[in-house]
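First the structure, in the form of structure tokens, and then the observations on it.
Residue numbers (our numbering): 16 to 719.
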């Protein structure tokens, strides 16, 4: 809100943003801890300005949230436009600001070109701010957007580190920590029509002294499911500016007179009490304000048929698999790829969304009735954005795929991409899916996306928006159906998809050691209950590692738990261990999915873990991933509990067999050890972690 006509302030939770418009630009003068209500923001801005130096324009152009070129500003402009193939000069005309309800709207109008840019910053509470940007053509002729940022953010000088991510299929979300200013430009972009396995539209910025429970953190997310780009420029003055937005195809966005372009929204989250505080604020917001209401139901344990039988489906095989799943305590049976049309391998039938008459001569109803009779509900795998050249749909409508005239129709995974921007195409996909959901009691859809989009044919943005329209239409017709977003694993995970889906598939890699690393990155932003996390087979089909059922099950509990393996291929001991962990998950899932999540830190880099605290109860996972240097690790400290309260601490069974014999006084652990929250946070617990690939669960329940 204004403190004078040139100084504007926005408060959210424990954070304050101050904007200085006194020099005609929207300068971000403060982004940090909440300032006192009577702070002299005019003095704050004035004392933050600097004098000129020898190597810059006579009239210095400071970094701002709406930078334009042509005036000596060295960074990327917020928009680049052209008219009839000529780049338009967009000189600044003086940024204006108006206050709205819990929001500030900044406007920059260029009279010469006839373009207006608006950026709205809306306080969401809890240190969160939503940013939305519009470009409006106020001229009498059309203009084309070459580039358009959703956010341009001059970064505060307290930031020392940027955390970004890179990866590949089955190896998503490798975190990359770089010093701010380590290069004049840092950045990344996706080019496959989706964010990609590196998830570059998730970023964090940290102070030098930041750790889990101390220090300033700023997290930034572009809520967009198509291509994106981000750039981080640092000039010779040491000023760093983030540019973040959707990546546009040449000529893709043309604005006729009076039209506007709404850039994808951005979510900012700031906290000054470490990574945990920002993580919790993001988790609460996503749980309560982003995910569909169906995601607030208890997250049912899945069994997905893929690793159990793949394409080798038959009614007897699936019915036996369902019986084995129910015996473990599974609550949802998900039929994966291979159930439809002539789909006996991955070379045909995408687009023909009806049950295979060879496998299901009476349709899906007998299998679903069998699954329901076992006390489970039924889910189904689909990949509706794709089409196989060997399919009835493609033979009828080859013109319905994304294509460029004169360019061969190159396939990936033997498939092409349906052009959802054509209304008949999106309409036909809806009709087929709607018919399935009306005919059968399907509780859940696993919505997969296994192919990059090429050629985009100048329709990348429109294709993404058409996908949103299709999902919105389907959800409106079937609001109770849960949808999972999957793109060969974690290739398309963002808040625009999660506003329409109840969970995401973090990776096709179910190896628990890999999942600990992958999920550590995702969970900095996204809540446990939205993260699909399954027990896979051993040896793992991707990594080749053979790992104990105890480890696989304990890691899978910390997410939306499922099973992606054949129970009949497990021995009796492993089935018992898995069933016990499924029962534990059901008992503790409210704590896991509604609780505040902290990372358990250790001086041993091979030890990782999480603590979820909800009301009177808490549960922790501790994993030793590698063979330790010392026989005994340092006690593990549990921050986030009430220091004045006492907690009954147990190690719920089953225990890891290799380490259980090293546990001192096991009967005391079974009965429960009572300790204060202060003792648990400052001294902690010593657990047997002498071997590699050992995991423990710890439960903590407050006493009256």
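From the three backbone atoms N, C-alpha and C, an ideal C-beta is built for every residue, glycine too.
Since we're looking at a predicted model, the values are computed, not measured.
Might you give, ordered along the chain, the residues of its own chain that have their beta carbon closer than 8 Å to the beta carbon of residue 314, omitting 5 neighbours on each side?
Stepping through the chain shown from its first residue, residue 314 is reached at position 299. For residue 314, where only same-chain residues beyond five positions count, the Cβ hits under 8 Å are 518, 544, 575, 576, 604, 608.
Assuming residue 655 contacts residue 613 under a Cβ cut-off of 8 Å, what Cβ separation, rounded to an integer in Å, is found between them?
Numbered from 1 along the chain shown, position 640 holds the residue referred to as residue 655. Numbered from 1 along the chain shown, position 598 holds the residue referred to as residue 613. The pair is a contact, with the Cβ atoms about 5 Å apart (cut-off 8 Å).
Work out the CA separation of residue 50 and residue 317 for me, nearest whole Å.
Locating residue 317 in the chain shown gives position 302, where the first residue counts as 1. Locating residue 50 in the chain shown gives position 35, where the first residue counts as 1. Residue 317 and residue 50: Cα-Cα distance of roughly 47 Å.
Restricting to runs no shorter than 4 residues, where is the alpha helix (DSSP H) found entirely within the region 137-202?
none
Grouping DSSP H, G and I as helix and E and B as strand, with all else coil, what is residue 393?
Residue numbering aside, residue 393 sits at position 378 when the chain shown is read from its first letter. In the structure shown, residue 393 sits in a strand (DSSP, three-state: E or B).
Just the C-alpha distance for residue 167 and residue 260, rounded to the nearest angstrom, thanks.
Walking along the chain shown from the start, residue 167 turns up at place 152. Walking along the chain shown from the start, residue 260 turns up at place 245. Those two C-alpha atoms are separated by around 9 Å.
Own chain, CB closer than 6 Å to residue 533, minus 5 neighbours either side, in chain order:
Working through the chain shown from its first residue, we reach residue 533 at position 518. Hits under 6 Å: 187, 188, 521, 522.
Taking DSSP as the reference, what is the three-state secondary structure of residue 601?
Taking the chain shown and counting its residues from 1, the one referred to as residue 601 is at position 586. In the structure shown, residue 601 sits in a helix (DSSP, three-state: H, G or I).
Ordered list of beta strand (DSSP E) runs contained in the region 637-685, each at least 3 residues
661-665
Using only the alpha-carbon positions, how far apart do residue 372 and residue 428 sit?
On the chain shown, position 357 is the one that residue 372 refers to. On the chain shown, position 413 is the one that residue 428 refers to. Rounded to whole angstroms, residue 372 to residue 428 spans 24 Å at the Cα level.
Close Cβ partners of residue 358 (< 6 Å) along its chain, the five nearest in sequence each way excluded:
By 1-based counting over the chain shown, the position of residue 358 is 343. Closer than 6 Å at Cβ, skipping near neighbours: 364.
Rounded Cβ spacing between residue 477 and residue 436 (contact assumed at less than 8 Å)
Mapped onto the chain shown, residue 477 falls at position 462. Mapped onto the chain shown, residue 436 falls at position 421. Yes, residue 477 and residue 436 are in contact; Cβ-Cβ is about 4 Å, under 8 Å.
Going by the beta-carbon positions, is the gap between residue 690 and residue 664 smaller than 8 Å?
Locating residue 690 in the chain shown gives position 675, where the first residue counts as 1. Locating residue 664 in the chain shown gives position 649, where the first residue counts as 1. Their beta carbons are under 8 Å apart, which means residue 690 touches residue 664 by this criterion.
Would you identify the three-state DSSP class for residue 412, choosing helix, strand or coil?
As a position in the chain shown, residue 412 is number 397, starting the count at 1. Coil at residue 412, not helix or strand.
Would the region 174-181 and the region 206-224 be scored as touching if the rule is three or more Cβ pairs under 8 Å?
yes
Thinking C-alpha only, which one of 158, 486, 286 is nearest residue 31?
Along the chain shown, read from residue 1 onward, the residue named residue 31 stands at position 16. The shortest C-alpha separation from residue 31 is found at 286.
Neighbourhood of residue 184 by C-beta, 8 Å cutoff - its chain only, sequence neighbours within 5 removed
For the purposes of this step, residue 184 is identified with residue 169 of the chain shown, where counting begins at 1. 212, 503, 504, 506, 523.
Would you list the one or two residues that DSSP bridges to residue 286?
Residue 286 sits at position 271 when you count from the first residue of the chain shown. For residue 286, which the question treats as bridged, DSSP gives the partners 232.
Consult DSSP for residue 316 and reduce its assignment to one of helix, strand or coil.
Position 301 of the chain shown, counted from the first residue, corresponds to residue 316. Here residue 316 sits in coil by DSSP.
Taking all protein chains shown into account, decide if residue 249 is buried (16 or more other Cβ within 10 angstroms of its Cβ) or exposed.
As a working note, residue 249 is residue 234 in the chain shown. By the neighbour-count rule (16 or more Cβ atoms within 10 Å), residue 249 is buried.
Do residue 355 and residue 367 have their C-beta atoms within less than 8 Å of each other?
Position 340 of the chain shown, counted from the first residue, corresponds to residue 355. Position 352 of the chain shown, counted from the first residue, corresponds to residue 367. It is a contact, given that the beta carbons lie within the stated cut-off.
Quick check on the DSSP output: what are the complete beta strand (DSSP E) runs of length 3 or more inside the region 34-87, in order along the chain?
42-48
On the three-state DSSP scale, how would you describe residue 573?
Taking the chain shown and counting its residues from 1, the one referred to as residue 573 is at position 558. Reduced to three states, the DSSP call for residue 573 is coil.
Does the distance from the CB of residue 702 to the CB of residue 637 come in under 8 Å?
Locating residue 702 in the chain shown gives position 687, counting from the first residue. Locating residue 637 in the chain shown gives position 622, counting from the first residue. A contact, by the Cβ cut-off of 8 Å.
Contact check, residue 56 vs residue 24 under 8 Å by CB: the rounded distance?
On the chain shown, residue 56 is found 41 positions in, with the first residue counted as 1. On the chain shown, residue 24 is found 9 positions in, with the first residue counted as 1. Rounded, the Cβ-Cβ distance is 6 Å, consistent with contact.
Closest to residue 338 by CA distance: which of 387, 294, 295 is it?
Walking along the chain shown from the start, residue 338 turns up at place 323. Measuring from the Cα of residue 338, the nearest candidate turns out to be 387.
Using the C-alpha atoms, what's the distance from residue 420 back to residue 257?
Looking up residue 257 in the chain shown gives position 242. Looking up residue 420 in the chain shown gives position 405. Approximately 37 Å, taken between the alpha carbons.
Beta strand (DSSP E) runs contained entirely in the region 301-388, provided each spans 3 or more residues
317-319, 347-350
Just verifying my parser: in three-state terms, what is the DSSP assignment at residue 125?
Translated into the one-based positions of the chain shown, residue 125 becomes position 110. The answer is strand: DSSP assigns residue 125 an E or B state.
Quick one: grab the DSSP three-state call for residue 213.
Walking along the chain shown from the start, residue 213 turns up at place 198. In this structure, residue 213 counts as coil in the three-state DSSP scheme.
From 566, 142, 527, residue whose alpha carbon lies closest to that of residue 556:
Residue 556 sits at position 541 when you count from the first residue of the chain shown. Nearest C-alpha to residue 556: 527.
Are the region 484-500 and the region 288-305 touching by the rule of at least three beta carbon pairs closer than 8 Å?
no
Count the other CB atoms within 10 Å of the CB of residue 251; is the residue buried (16 or more) or exposed (fewer)?
On the chain shown, residue 251 is found 236 positions in, with the first residue counted as 1. Its Cβ having fewer than 16 others within 10 Å, residue 251 is exposed.
Cβ shell of residue 192 (< 6 Å), same chain only, five flanking positions each side left out:
Working through the chain shown from its first residue, we reach residue 192 at position 177. Here the set comprises 176, 178.
Go ahead and label residue 525 buried or exposed: buried means 16 or more other beta carbons lie within 10 angstroms of its beta carbon, across all protein chains shown.
Along the chain shown, one-based indexing puts residue 525 at 510. Residue 525 is buried by the Cβ-count criterion.
Indicate whether the contact test is met: 3 or more Cβ pairs, each with one atom in the region 322-330 and one in the region 640-657, closer than 8 Å.
no
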